[in-house]
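Asker: For what it's worth, this note's numbering labels the leading residue of the sequence shown as 158, then goes sequentially. Cβ coordinates follow ideal geometry from the N, Cα and C atoms, glycine included. Below are the structure tokens for one structure; questions will follow.
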Amino acid sequence: MLFWYYYFNILTPVLEGKLLDDDDLTLIRAYSLKVNYGLTNDAYNSLRFLFPQAPLDTLKNTEKRIQFLSGFQPVQYHCCPSSCVCYTGPYETLSTCPKCKADRYKSDGKTPQAYFHYLPLIPRLRAMVSNSSYAKKMQYRSKHQHDPTKITDIFDGAHYRSLLETPVTIGDEELPMWFFSDPRDIALGFSTDGFGPFKQRNKTAWPLIIFNYNIPPKERFRKENIISLGTIPGPKKPADTDSFLWPLVQELLQLAIGVSAFDPIAQVSFLVSFLFYHFQMNYKGYFYVACLLDCCFW
Ligand SMILES: [Zn+2]
Numbered sequence: 158m159l160f161w162y163y164y165f166n167i168l169t170p171v172l173e174g175k176l177l178d179d180d181d182l183t184l185i186r187a188y189s190l191k192v193n194y195g196l197t198n199d200a201y202n203s204l205r206f207l208f209p210q211a212p213l214d215t216l217k218n219t220e221k222r223i224q225f226l227s228g229f230q231p232v233q234y235h236c237c238p239s240s241c242v243c244y245t246g247p248y249e250t251l252s253t254c255p256k257c258k259a260d261r262y263k264s265d266g267k268t269p270q271a272y273f274h275y276l277p278l279i280p281r282l283r284a285m286v287s288n289s290s291y292a293k294k295m296q297y298r299s300k301h302q303h304d305p306t307k308i309t310d311i312f313d314g315a316h317y318r319s320l321l322e323t324p325v326t327i328g329d330e331e332l333p334m335w336f337f338s339d340p341r342d343i344a345l346g347f348s349t350d351g352f353g354p355f356k357q358r359n360k361t362a363w364p365l366i367i368f369n370y371n372i373p374p375k376e377r378f379r380k381e382n383i384i385s386l387g388t389i390p391g392p393k394k395p396a397d398t399d400s401f402l403w404p405l406v407q408e409l410l411q412l413a414i415g416v417s418a419f420d421p422i423a424q425v426s427f428l429v430s431f432l433f434y435h436f437q438m439n440y441k442g443y444f445y446v447a448c449l450l451d452c453c454f455w
């Protein structure tokens, strides 16, 4: 019942598989030039005059078009000015911080004191699996050869091996699927760690990061393959981190059931599922990543 409810209510129509036309490709190439080489806004806006034959547009219109094509839209949430909580879930309607009693809004009663910017995960996973070279790279997990006498990756760990024989359940509802039964299912890891953005380390910020374990280990932790979900702005350690993770949990629930995407290798639409993850909160960055992997999987 739950599965079919989500199937019809959450899965969006499949638009993937359509090729971008030449105009859109030109626009995206020009915009990637700006992003990759730090072109100023004025320099970008002058491109359409330098190359009048090219289908270029203003920066504002270009960004609007690319946002539409990508289906990606950052989401703003209000948060406590000291980053105690994010006003999501049970805190959504509160007007003062439940931890430090600071006002949610400025004196005008409508402008929030602080924002937390959340960068949705699903559109980016969709884009990854719909890209043929990236999709091939992500076949690493399903093609991994398990040797019971060796541990070479997290996919040799006991936890992952047991999940392969476990049906997916959400709440009390058992879904008609098994963990990682589809070779395209994605294994994700979550990490966060406080860091001091300024020399005087009296302020901390907390980046929220997702790792894609379907990618081979050598490339997995490269900057271009790490997915940022945003940063808890600080200046203090969050009192309720869960409230900042609320939007991520909502997305993970959707992903556990499946989200429609296009398979560029088989040329068919399918449900991409994230079905496995670990969470870690740590204070010493990647050192603890290794520790957590040890604890969770090995
Ligand atoms: Zn507070």
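1. Shorter than 6 Å, the distance from the beta carbon of S189 to the closest heavy atom of ligand 1, or not?
2. Using the beta-carbon count (16 or more within 10 Å), is S348 buried or exposed?
3. Kindly list the residues whose CB is nearer than 8 Å to the CB of P374, restricted to its own chain and excluding five residues on each side of it in sequence; keep chain order.
4. Smallest Cα separation from A292: which of Y370, I414, L402 and A413?
5. Using C-beta distances below 7 Å, list every residue in its chain close to R186, excluding the 5 sequence neighbours before and after it, in chain order.
6. Terminal residues of the continuous alpha helix (DSSP H) containing L182?
7. Does any heavy atom of ligand 1 sit closer than 6 Å to the C-beta of S104?
8. In the DSSP assignment, find the beta strand (DSSP E) that holds Y234 and state where it starts and stops.
9. Per DSSP, P269 is paired with what?
10. Span of the beta strand (DSSP E) holding F336?
11. Just mark F355 as buried or exposed, buried being the case when its beta carbon has 16 or more other beta carbons within 10 Å.
12. Could you check if F225 is buried or exposed, using at least 16 other CB atoms within 10 Å of its CB as the buried criterion?
13. For a test of the three-state rule: what should DSSP assign to F206, helix, strand or coil?
Answerer: To lay it out plainly:
1. Outside the cutoff, so no.
2. Buried is the call here.
3. For P374, where only same-chain residues beyond five positions count, the Cβ hits under 8 Å are D310.
4. Of the candidates Y370, I414, L402 and A413, Y370 places its Cα closest to the Cα of A292.
5. Closer than 7 Å at Cβ, skipping near neighbours: no residue.
6. Counted as a single uninterrupted DSSP element, the alpha helix (DSSP H) harbouring L182 occupies residues D179 to Y194.
7. Since the first residue of the chain shown is 158 and the last is 455, residue 104 is not available in this structure.
8. Going by DSSP, Y234 is part of the beta strand (DSSP E) stretching over V232 to C236.
9. DSSP output for P269 lists Y262 as bridge partner(s).
10. Premise fails: F336 is in no beta strand (DSSP E) and is neither H nor E.
11. The residue in question, F355, is exposed, as its Cβ has fewer than 16 Cβ neighbours within 10 Å.
12. F225 comes out exposed.
13. The three-state secondary structure of F206, taken from DSSP, is helix.
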